[in-house]
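So for the sequence shown, my numbering puts the first residue at 6; every next one is plus one.
Heads up, the beta-carbon is just placed ideally off N, CA and C, and yes, glycines get one too.
Please read all numbers here as calculations on a predicted model, not as lab measurements.
Contents: one structure, followed by commentary.
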Amino acid sequence: PKSNSWSQRIQGQKYEESTTSCSKVGEESSKRSYLSLFDGNKDEYVQKYSSFPDTLKLKMKGMAKEMFYFGYENYMKYAFPEDELNPIDCEGRGPDVLNPSNININDVLGNYSLTLIDTLDTLLVLGNVTEFHRAVRLVIETVSFDKDSTVQVFEANIRILGSLISAHILLTDPKHPFGQVGFKDYDNELLHLA
């Protein structure tokens with residue numbers, strides 16, 4: 006079985022550094038501040054709180070999209086079908102079965118591909134209909150809530166129910182707010198999961 010190095014670290018046990026990395030190949034720094042996009046002659050207050058010109062809004066929009074895809078693609082590569090990506094080890098993380106009293110993790114994670122479900126509507130908002138369809142199919146094919154798991158009701162409502170119902174509505178809404186994104190094989194499975 007896969008080691009739970011996060012739990013081992015919390016409990017003070019020895020761990021080895023991960024050999025995989027979630028950082029981008031060839032990227033010198035994992036941080037890129039939005040402040041660098043402002044005119045460097047302005048003081049810090051003006052840089053932080055002044056209005057955004059349209060060109061800056063477009064750059065910020067691109068950065069937000071890039072950050073989303075960086076997280077999503079690494080989740081799909083290193084963590085799916087687990088609930089989330091552990092960014093320290095760049096591996097999947099689900100409930101902490103070694104430490105059931107770890108409520109910081111176990112209240113949120115329930116072994117149901119939480120990140121995949123949580124990103125469904127975001128994929129469509131970003132205009133990626135192809136990946137939205139693929140993610141919907143993955144949820145339908147792989148997610149089951151028939152598990153012995155205690156979940157935090159607030160998290161489950163906003164992240165799971167909210168995402169499943171939103172994605173269902175986006176697929177079936179006759180007004181097509183994001184274009185005609187439904188597909189013929191869809192039979193209300195997301196609504197049934199919710």
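Just reading off the alpha helix (DSSP H) that residue 78 is part of, what are its end residues? 59–79
Buried versus exposed, by CB contacts within 10 Å (16 or more), residue 79: buried
Classification of residue 122 by the beta-carbon crowding that lies within 10 angstroms, buried from 16 upward: buried
Since residue 97 contacts residue 84 with CB under 8 angstroms, what's their CB separation in whole angstroms? 3 angstroms
Measure from the alpha carbon of residue 138 to the alpha carbon of each residue in 176, 155, 99, then state which is nearest. 176
Measuring alpha carbon to alpha carbon, tell me which of 151, 126, 167 ends up nearest residue 187. 126
Does the beta-carbon distance from residue 88 to residue 114 come in below 8 angstroms? yes
Pair within 8 angstroms by beta-carbon distance, residue 100 and residue 147: no
Compare the C-alpha of residue 192 against each of 184, 173, 70 and name the closest. 173
Straight-line gap, residue 145 to residue 167 (C-alpha atoms, nearest Å): 16 angstroms
Which word fits residue 109, buried or exposed, when buried means at least 16 other C-beta atoms lie within 10 angstroms of its C-beta? exposed
From 106, 164, 94, residue whose alpha carbon lies closest to that of residue 120: 164
On a Cα-Cα basis, can you pick out the residue from 53, 82, 111 that is closest to residue 158? 111
Measure the Cβ-Cβ separation of residue 131 and residue 62 and say whether it is below 8 angstroms. no
Let me make sure I understand the geometry here. Which of 142, 162, 57 has the alpha-carbon closest to that of residue 189? 142
Per DSSP, residue 87 forms a beta bridge with which residues? DSSP lists no partner for residue 87.
Less than 8 angstroms separating the beta-carbons of residue 73 and residue 129? no
Span separating the alpha-carbon of residue 14 from that of residue 116: For residue 14, the predicted model reports a pLDDT of 44, less than 50, meaning its position is unreliable; a value from the coordinates is still stated below. Taking the straight line from one Cα to the other gives about 21 angstroms.
Find the nearest neighbour of residue 27 within the set 150, 181, 194, 81, judged by alpha-carbon distance. 81
Would you identify the three-state DSSP class for residue 184, choosing helix, strand or coil? strand
Using CA coordinates, which residue listed in 118, 49, 169 is at the minimum distance from residue 198? 169
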